[in-house]
Amino acid sequence: MCLLLSFHGLVFQTKFVFSAYLQFLFKHSILLMLKKVKEDTQMKIIIFGAGGGIGKHAVTHALNKGYEVTAYLRNPEKLTARAENLTVVKGEITDYAWMKIAISGCDAVVWCIGVNGDGAALAGHKLLIKAMKETGVKRLVDYGTPSYHFEKDQKSMTTWFPGFFAGLAFKDSKKEIISIGEDVAAFGLDWTFVRFIMPTDKEYTGSVKVTYGKDKISFSISRSDIAEFMIEQVESDRYLREMPIIGG
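Its first residue numbered 592, the sequence shown is counted upward by one per residue in our numbering.
So this is what it looks like as structure tokens:
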């Protein structure tokens, strides 16, 4: 009788332990699933020109939003930001194969490389667009100036003067910006081309005004504010396939 009771007690304990183990496995599986969902839904972006005046701020703003960031730049030592969700890649915008590898798996590309009239930025854009199409990356946030006129532009000092002045003082740069704007507009995917006039190293304000010429804005705007506006466009469709002009 005692042996029988002991046997039943052992069976009961075994069932209890097994049940507890199953509950543990279930809860653990749920946690793993939630973690996997979080990893899969975390926005992954790559920032070209991450060591530049606007690019380094873009990295900071992107990290602050919790994005998984790949910083692509020629000189990694120029980037001081460090974070678990930051990967620094040394590369040139002339290296198509490396660019294609770098953007693979990303949800969006943020381009922060300016022009100097030598055609390098234009050539880099052409390679980038080709790589994006081949890897299936659809979102591009780019920048330029009002030297490139968008269909929504209304004639004003904001839309007219920058192009006029650039035509006098920076002819080659103006031509390059216009060519880049044309390539972006013909991209066929989800692009936003942010235009600005006079970037400065002033403090971040968190205040950005947008216009297409009708509303007055300050020509000057901090590079940090430009960067934040660009990062905000990554998940927004407010200016999808548009070219907003921003200022302070």
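Beta carbons: idealized from backbone N, C-alpha and C, even for Gly.
Nearest-angstrom Cβ-Cβ length linking residue i and residue j, presumed shorter than 8 Å
{"i": "residue 672", "j": "residue 647", "result": "7 Å"}
{"i": "residue 665", "j": "residue 699", "result": "Contact doesn't hold; Cβ gap of about 21 Å is too wide."}
{"i": "residue 795", "j": "residue 772", "result": "Not confirmed; about 27 Å, so no contact."}
{"i": "residue 798", "j": "residue 758", "result": "That belief does not hold up - the Cβ atoms of residue 798 and residue 758 are roughly 31 Å apart, past 8 Å."}
{"i": "residue 637", "j": "residue 817", "result": "The pair is not a contact, with the Cβ atoms about 18 Å apart (cut-off 8 Å)."}
Delimiting residues of the alpha helix (DSSP H) encompassing residue i
{"i": "residue 821", "result": "814 to 824"}
{"i": "residue 687", "result": "687 to 694"}
{"i": "residue 651", "result": "646 to 655"}
Cβ-Cβ distance between residue i and residue j below 9 Å
{"i": "residue 649", "j": "residue 697", "result": "no"}
{"i": "residue 784", "j": "residue 812", "result": "no"}
{"i": "residue 726", "j": "residue 694", "result": "yes"}
{"i": "residue 808", "j": "residue 768", "result": "no"}
{"i": "residue 720", "j": "residue 775", "result": "yes"}
{"i": "residue 728", "j": "residue 822", "result": "no"}
{"i": "residue 635", "j": "residue 661", "result": "yes"}
{"i": "residue 663", "j": "residue 641", "result": "yes"}
{"i": "residue 708", "j": "residue 763", "result": "yes"}
{"i": "residue 810", "j": "residue 749", "result": "yes"}
Residues bridged to residue i (per DSSP)
{"i": "residue 802", "result": "836"}
{"i": "residue 699", "result": "636, 730"}
{"i": "residue 811", "result": "789"}
First and last residue of the uninterrupted beta strand (DSSP E) at residue i
{"i": "residue 561", "result": "The chain is shown only over 592 to 839; residue 561 falls outside these bounds and no answer can be derived."}
{"i": "residue 664", "result": "659 to 664"}
CB contact check: residue i to chain B, cutoff 9 Å
{"i": "residue 726", "result": "Among the chains of the structure shown, chain B does not appear; only one protein chain is present."}
Length at least 4, wholly inside the segment 729 to 796: the alpha helix (DSSP H) runs in chain order: 748 to 760, 762 to 776
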